[in-house]
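Notes for the one structure printed next.
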Amino acid sequence: MQENSIKSTFAAMQAAIEQKQSVDVMTLLSSSGETQMLLLYKNGEIVGEIINLDFTNKIKSYQKNHSWNKPVLFTMVDAQGASQQIFWDRVLPQPKVFILGAGHISRSLAAILSILEYEVIVADDRPDFANIRSFPTAQTVLCDSFENIISRLMPTVDVNTAVVIVTRGHRYDFLCLKNFLTANFGYLGMIGSQSRIKGTLQRLLEEGEDPVRLRKIHSPIGIAIAAQSPAEIAISIAAELIDVFNGGHGPLKRLEE
């Protein structure tokens with residue numbers, strides 16, 4: 001690939017970062033030292049080329065038919081029968097966090113996440129709680145029924161999304177968990193006492209939810225720092241989000257453990 005093509009590819013990548021776009025980056029690992037890169041956007045747009053158009057389309061087809069959770073190396077055979085190694089990475093914007101529930105913990109959490117430059121969306125059905133005065137640092141504050149909130153947010157969930165459930169009651173915990181469990185989230189956590197968590201999970205099981213899927217839930221939420229106050233609990237949740245999105249290896253906590 002010519003130098004100007006590489007420059008244009010890197011320029012496009014930088015633009016994606018600035019515009020908070022997600023873009024898949026395919027890089028040919030060549031023994032010759034020649035750099036060939038390909039950018040694949042969610043809207044189908046392509047920037048760059050690897051080997052030729054046919055091979056580029058082959059890579060695009062591979063991407064379409066495989067899910068991505070972390071950087072991966074895969075092998076494809078070119079038209080001459082030679083094996084080519086492709087490194088698949090993804091440029092992601094800062095994580096976005098859905099805080100479902102607008103109580104005291106949520107206020108502290110939103111403030112902390114803004115310092116981390118995460119995109120924060122707070123949602124609740126109570127106008128006295130879900131308002132910009134209470135959450136001045138949040139990018140978005142939604143006040144609507146939880147059913148409508150879920151319908152609005154669900155299409156935007158991806159592996160760069162954290163869903164933090166801190167609602168005021170079992171009914172809303174259940175509603176949020178049942179729906180967001182079906183999404184391809186990066187993090188899903190729920191606050192609550194052991195009895196509240198256990199009751200919600202048991203109801204999901206009784207309604208036919210897959211036990212394997214339930215094991216993706218972080219609960220009790222946050223890392224163990226003996227947190228007591230709303231601010232301390234918010235810090236523990238933020239720390240867990242940092243660990244997850246930075247590829248840490250902290251344990252996934254479950255009630256039964």
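Its first residue numbered 1, the sequence shown is counted upward by one per residue in UniProt numbering. Glycine included, every Cβ here is placed at the ideal spot set by N, Cα and C. Please read all numbers here as calculations on a predicted model, not as lab measurements.
query                                                                                                                                                             : result
Skipping 5 residues on each side, what residues in its chain have a beta carbon closer than 6 Å to that of Leu92?                                                 : Ser22 and Asn160
Between Arg171, Lys198, Ser151 and Gly199, which has its C-alpha nearest Thr182's C-alpha?                                                                        : Ser151
When you compare only the Cα positions, how much space is there between Glu256 and Pro127?                                                                        : Summary for Glu256: the model assigns pLDDT 47, below 50, so the residue's position carries little reliability, and this model does not support an answer.
How about the stretch 137-153 and the stretch 237-244: do they share at least three Cβ pairs that are nearer than 8 Å?                                            : no
Here's the rule: buried if 16 or more other CB atoms are within 10 angstroms of the residue's CB, otherwise exposed. What is Thr167?                              : buried
Three-state secondary structure (DSSP) at Ala12?                                                                                                                  : helix
Tell me whether Ile237 sits in a helix, a strand or coil according to DSSP, three-state version.                                                                  : helix
When you compare each of Ala15, Ser61, Ile86 and Phe74 to Ser30 by their alpha carbons, which one comes out closest?                                              : Ile86
How close, in whole Å, do the beta carbons of Ala111 and Thr137 come, if the pair is a contact with beta carbons under 8 Å?                                       : 6 Å
Alpha carbon to alpha carbon, how far is Thr200 from Val122?                                                                                                      : 22 Å
Using a Cβ-Cβ cutoff of less than 8 Å, which residues in the same chain neighbour residue 312 once the five nearest sequence positions on both sides are dropped? : Only positions 1 to 257 of the chain appear in this structure, which leaves residue 312 out of reach.
In whole angstroms, what is the alpha-carbon distance linking Glu232 and Asp173?                                                                                  : 22 Å
Which same chain residues, not among the five before or five after Val157, have their C-beta less than 6 Å away from its C-beta?                                  : Ala183 and Phe185
So, are the CB atoms of Ile217 and Gly189 less than 8 Å apart?                                                                                                    : yes
Check Arg215 in the structure and name its three-state DSSP category.                                                                                             : coil
Considering only their Cβ atoms, is the gap separating Val244 from Tyr187 smaller than 8 Å?                                                                       : yes
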